[in-house]
Structure formats: C-alpha cells, structure tokens
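A short worksheet on the structure shown next.
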Amino acid sequence: MGRNEGNAPMNIFAEIRELILTTLDQMVTAGDLPEGLNFDPITTEPPRDAAHGDMATNAAMVLAKPAKMKPRDIAEALAGKLAEDARITSADVAGPGFLNLRLAPGVWQAIAKTVLTEGTDFGRGSLGQGQKVNVEYVSANPTGPLHVGHTRGAVFGDALASLLDFAGFDVTREYYINDGGAQVDVLARSVYLRYLEAHGQEVAFPEGTYPGDYLIEVGEALKAKVGDAYLDKGEQFWLEDVRAFSTDKMMELIRSDLKALGVEMDVFYSEKSLYGTGRIEAALEDLKSKGLIYEGVLEPPKGKKPEDWEPREQTLFKSTEHGDDVDRPVMKSDGGWTYFAPDIAYHYDKVQRGFDMLIDVFGADHGGYVKRMKAAVSALSGGTVPLDIKLTQLVKLFKNGEPFKMSKRAGTFVTLRDVVDQVGPDVTRFVMLTRKNDAMLDFDFDKVLEQSRENPVFYVQYAHARVASVLRKAAEAGITADDATLAAADLSLLDHESELGVLRKLAEWPRLVETAARTNEPHRAAFYLYELAGDLHGLWNKGNEVPELRFIQDDAATSQAKIALARSTAIVIAAGLGILGVNPAEEMR
RNA sequence: GGACCAUUAGCUCAGCUGGAUAGAGCGCUGCCCUCCGAAGGCAGAGGCCAGAGGUUCGAAUCCUCUAUGGUCCGCCA
C-alpha cells in the first residue's frame, strides 16, 4: 500500500512485510506459486540472533504445505526477487526455510530522521482505527483511601488506556463507583460515630465499622454542616443523608489520591444511579428476551459445605450458555438485587453507549467474576462486543528487605499516599509496570530509589538525562542541534555497528506498540525502554574507548549526525514514558 | 470438589500471541580507571523452560493429564 510514498518508513517491519506480500503476489501471477494462498500467517520480525541478519520472515515455511512445495524452493525464489529491492542488501535462506534479510544502512539511518520529524508521535499506530474502547479501572469502594492494591490497578489501567490511545483507539477511562451496596451504609454509620465524637462523645467502633482515622475529618465536616441536628436521632432520620455526604467525601479523597498518582478519569459512573431508574430492570429484560433468565435452585458448592446451606429458589442468569461454569443469581431470595445485577446493568450501559471493546481491570481477588462478566457482556451484545478482563496481582511491600504492611494514616493497610509520598509518582508508576499484570510484584521502598542499573526507573531516566546533557554540551560548543536541523543532518555518518544497533532498536518501537496494544500489556513498553536505555548506555560507554562514537565531535556535521541518534533515542524514551505516565528527567540529582 | 493464575539460570524476572544456539539484571569468576564519558565497562561459567503425553516442518509458547504455590468459590462487597 502506498503508505510510504518514498519517505522514511513508519514501521519498517510492516513495510518489508508489504514488500514480501507484493512479491509473492507477483510470483502467483507468474505461476511460480498456486493461487488462493493465505498470506496472513506471514511475519517479519527481528531474529533472535543478530548475526542472522536484520530481519527474518517465515513466509516460505508457512506457505510450503498449502502450496505443496519445498520451503527452500519458495525461499530461494523469493530471495532472488527481494534482493532486487534497493532496501535489501542480502537475502539468505537458512535452516528449514527461514529467509534472513539484511537491510541497507540507509534504511536504519532514515529511522532517526523519521523520529526527529515525527517527534513523540513516532510509533503512533493505526491498529485501533478509531474504535471506541472503554477501560474501567480502580473502581474502589468509596469507603476509604486507595491502598497499594488499588495503586497497581490504577497504574496498570491508566498505562493501558494511554497505550491504546497511542495505538489509535478512541479511549474512555472510567471508574465505577460502588455506592449502592451495604458497604456505604457501614461507611455512613462509621462517619456518624465520628460525628458523635466531634461533639465530644466517647464512642467505640464495633465490629463491622471502619475505624480508620481518615473519617475523623469527615465527622467534623458533617458536624460543621448539620450542627447537632443528628444527635440522639434514629438511623432512619440521618442514614440517607450521611451516606450521600460520606460517599461524596470519600470520592473527593479518592480523586485526590488518583491525582497524586497522575491519574485522571473521563467518567465516574455511579452504581446508585442504576437503582430506581429502571436500568437494572431493562438490562435483565434484555437477557430475559433472550431466554437467559429463569427461576431455579443452585447446587451447593462442593467441598465448601456452608453449614447454613439450604436450597432456595432464586432468579438466575443462565451464564452457562456463554461459557460460565454455573448459572448466577441476579436476585436474592428476599427480592433484592445481588451485586451482580447492577454490574450487568452497568455493562449493558457500556454496550449501549456504543463501545467496540470493553476492558475491565480488577484485582486478582475478583478472579471469580471474570467468567460471569464475560458471559453477561457476550449475552447483552450478542457476542459483538469483546470484554477483556485484566487481573492485577498482589503487591508485596518491602522496606530494608523486610516485608511490612503497616500504615500511619489508615491503621490497617498501606495507602497509595504512603507510597507516592515516599517515592514519588514517577517511580511508583514505572515500578508497578515492571511486572506483567498477572504476576506478583515485590515493591521495595529502598531498591526503587537506588541509582543503579538494577533499578530500571533510574536506568531509563538516566538515559534520557544523558541525552539532555549532550544537548546542553552541544549548545556550549556552539553546535546547532534543534530537531529540524538534526533531521536534516547527514545520517549516513552513523555507520558504526553500535550506532546501527540503537537505530534497529528504535525501529522496533512501532511494532512493540502494536503488540503491546493487541495483548493489552503495557508492561512490554517498560521492558522495551529498559533495553533501549541499555543500548544507549552501551554506546555511550563505548565512547570511552572509541572516541569516534562520542556524540560531540570536532566538526559540526558529524556531531549533528551523532546527536541526531541520541536525540531520537530520547524522543522514543519520552514517548514510551509518556505511555507509562512517567515524566522523563532532564537531569539526575 | 471446582474455577482462574503462576512454575524459565543460585535469586528476581523477560521471552514480541508457534520459529533458528532460550535472554536480562543481581550474585559468582576473571580482567579494565594517575578526575578531562567508571553514580561503571568487558569477558566467562551457570538451563531437562515443574513433570508426562499429544498437535506439526518446528513447542518455553497451543491441547490433555499430573505435581507444587497463590487467588477465589450460594444472597457478602
């Protein structure tokens, strides 16, 4: 496709793949290959071992069987034609039928120019094609400050949202406020106790209330608002008002927690708004019309044997029709909704808002809800809207190598604030993304602040800062080094193997974005940045022994070429950190 | 009893949705600075990818079973 128009390539891997496909088409036309072959499985990727070349394709191997030909024959015919392209300097058949391509240095050198021209938009992809995707994350109960578990979910969800945005999706970041259940009654009662306390009364916090200090100020605020109006009054008199007052206060707290982490939501969606508005009923009516709602009795769970188990007839959702293990109750035996019912309505609403794709980010303890939610969305959307649920595993906190879980503010758990106050939002975010979401994460307060290669945050930031330092030095030396000038530099001077290595790494960025977005795995960006930073540090260190590799040289033209490489690396690092929500550092202190 | 997730170097973890001789950091071993680019650098050792089957040109990756660890399991949130 003419996406390239002779300019430097956007994604060199896709570029070469296109070349391969058109070449194969020509071979089909010429009768060298049978018609009707499926080219989809053909890939172009960097070989594991750089000695094999710059790029490898499996084309011959995946076509061999359907074409009823030997892979090596296809590979050799293809190699001959590919070698005619100016971008390809050699095409060798290897192993069982791999085709190893070596690309002209100019192809790699052009990458730097592209990066300098496009800036941090380099790698911005078309994968999403403007599809609307809803990413729901955090969604913590409005009963207290966010803790470490929420922090990981918040960072993950936010980075995922940014990643998808970068990959070309139209992203909505959403928070579901669980303000409809019994837990907000507990909150209201706890705040009422603090309110009494604010009036000088001695209070005890019985089992089933929230004793955290963070409610003291809420009790005082309530006193400031209503004075002594609720003293010596029954619950029926104040509960509703205190509940609304308290959840508002808690959401203020949560929003400010999120802000401290640099997370901003587009939509806060209230569970309560689903009640009494006919929306739960409407969602269930939709399921009912599909024959998925019935009255029935569930089997007791085996092996668990609750003592007070007795069979009861309930309204059930036939989630087994959509992949769940058992059907799920939507209505309690007393006629009230289960927690699942508003969840269904909420996702029904998301489907109706026209999203092409839904993503929920839950803590690992919600693993049991994955199948039923997927079943619900599948049923509600008629299978047209995919729901991906990402679970974030536990975070284990360490200090001085010792595990701990105390908190000054909340009394019971370590809060998001505890973490951000100690290490800052940038470090918090990056470290939370140095593990894939479904693996446990160790978070050591001392190690994350260490300045060494062991610490990826520092290592990546340092690479960016080093480039900033080069630019400062260049300015002192009177070398013009703005991006436009650098983009026009003679990049053919970047012919050393170490320099080409960095350029190849930069060329992988668009491809990495695509893969990470397709799998909903933002951590891949963090690992990529660590590798890219490593390449830059490696080049820098080589400058110790090989003076020609230093970025600032005697003549301006050479310097500008070298600086162009450094600067484009910094741009990609900045773009990557942007996705992770981390600010790139201009200097290390 | 069941579901989901994990299991890769001594340790902590990647592995680009099936590719070639499985990678990184730490640790270990051995080299390398009389500040001008060592808050380090280079090289090396270290692996039955938990185990057993299967799928195919080809498996750490997909399927089945087993083992170990974690999370969860009517109406709670």
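Just so you know, the first sequence maps onto residues 0 to 588 in numbering that gives the first Met the number 0.
Beta carbons are placed, not taken as given, at the ideal position from N, Cα and C, and that holds for glycine.
Note that the coordinates shown come from a computational prediction; the quantities given were computed from them, not determined experimentally.
Which whole runs of the alpha helix (DSSP H) in the region 176-211 are 4 residues long or more, in chain order?
-> 182-197
Uninterrupted beta strand (DSSP E) stretches inside the region 363-423 (no shorter than 3 residues) = 386-391 and 394-398
Delimiting residues of the beta strand (DSSP E) encompassing residue 327 | 327-330
Can you grab the Cα-Cα spacing for the pair residue 537 / residue 457, in whole Å?
-> 15 angstroms
For the beta strand (DSSP E) holding residue 637, just list the boundary residues, first then last.
-> No information on residue 637 is available, as it lies outside the stretch 0 to 588 that the chain covers here.
Which of helix, strand or coil DSSP assigns to residue 92 | strand
In this structure, what does DSSP give as the bridge partners for residue 131?
-> 169
Taking just the CA atoms, how far does residue 278 sit from residue 311?
-> A direct Cα-to-Cα measurement between residue 311 and residue 278 gives close to 26 angstroms.
Would the beta-carbon of residue 563 fall within 8 angstroms of that of residue 490?
-> yes
Is the beta carbon of residue 503 sitting closer than 8 angstroms to the one on residue 107?
-> In this structure, residue 107 lies closer than 8 angstroms to residue 503 by Cβ.
Inter-stretch contact (C-beta, 8 angstroms, three-pair minimum) for the region 196-205 and the region 233-241 = no
Alpha carbon to alpha carbon, how far is residue 349 from residue 524?
-> 28 angstroms
For residue 15, which option in 174, 192 and 88 has the closest C-alpha, if you only look at C-alpha atoms?
-> 88
Starting from residue 450, follow the alpha helix (DSSP H) in both directions and report where the run begins and ends.
-> Per DSSP, residue 450 belongs to no alpha helix (DSSP H) and is neither H nor E.
For residue 445, collect the residues of the same chain with a Cβ closer than 7 angstroms to its Cβ; drop the 5 residues on either side in sequence, then sort them by chain order.
-> 398 and 399
Could you have a look at residue 87 and say whether DSSP puts it in helix, strand or coil?
-> The DSSP-derived three-state label of residue 87 is strand.
Compare the beta carbon distance of residue 160 and residue 170 with 8 angstroms and say whether it is the shorter of the two.
-> yes
Residue nearest to residue 139 in terms of C-alpha spacing, selected from 224, 166, 179 and 126 = 179
Ignore the nearest five residues each way along the sequence and tell me which others in residue 345's own chain have a CB closer than 8 angstroms to its CB.
-> 175, 268, 270 and 273
Is residue 269 helix, strand or coil by DSSP?
-> Taken through DSSP and simplified to helix, strand or coil, residue 269 comes out as strand.
Through-space distance from residue 572 to residue 289, alpha-carbon basis = Approximately 50 angstroms between the Cα atoms of the pair.
Give me the Cα-Cα distance between residue 407 and residue 413, rounded to the nearest whole angstrom.
-> Unreliable placement is indicated for residue 407, whose pLDDT of 44 sits below 50; the coordinate value is still reported in the next sentence. Residue 407 and residue 413 have their C-alpha atoms some 8 angstroms from each other.
Under 8 angstroms between C-beta atoms of residue 156 and residue 360 | Yes.
Coarse secondary structure for residue 101, derived from DSSP in three states = strand
Using three-state DSSP, classify residue 161 as helix, strand or coil.
-> Residue state, collapsed to three classes: helix.
Endpoints, beta strand (DSSP E) assigned at residue 484 | That residue, residue 484, is in no beta strand (DSSP E); its alpha helix (DSSP H) goes 482-486.
Count the CB pairs spanning the region 545-558 and the region 85-100 that are closer than 8 angstroms, and state whether there are at least three.
-> no
Using DSSP with H/G/I as helix, E/B as strand and the rest coil, what is residue 570?
-> helix
Spatial neighbours of residue 332 in its chain, beta-carbon cut-off 8 angstroms, leaving aside the 5 residues before and after | 311, 312 and 313
Member of 336, 337, 144 and 363 whose CA lies at the smallest distance from the CA of residue 255 = 144
Whole angstroms is fine: what's the gap from residue 81's alpha carbon to residue 438's?
-> 43 angstroms
Within the same chain, show all residues whose beta-carbon is closer than 7 angstroms to that of residue 220, passing over the 5 residues directly before and after it, in chain order.
-> Within the same chain, residue 220 has close Cβ partners 248.
Skipping 5 residues on each side, what residues in its chain have a beta carbon closer than 7 angstroms to that of residue 24?
-> none
Spatial neighbours of residue 33 in its chain, beta-carbon cut-off 6 angstroms, leaving aside the 5 residues before and after = 66
Just how far apart, CA to CA, sit residue 409 and residue 225?
-> Confidence in residue 409 is poor, its pLDDT being 46 and thus under 50, which makes the residue's placement unreliable; the coordinate value appears in the next sentence. Roughly 26 angstroms between the two C-alpha positions.
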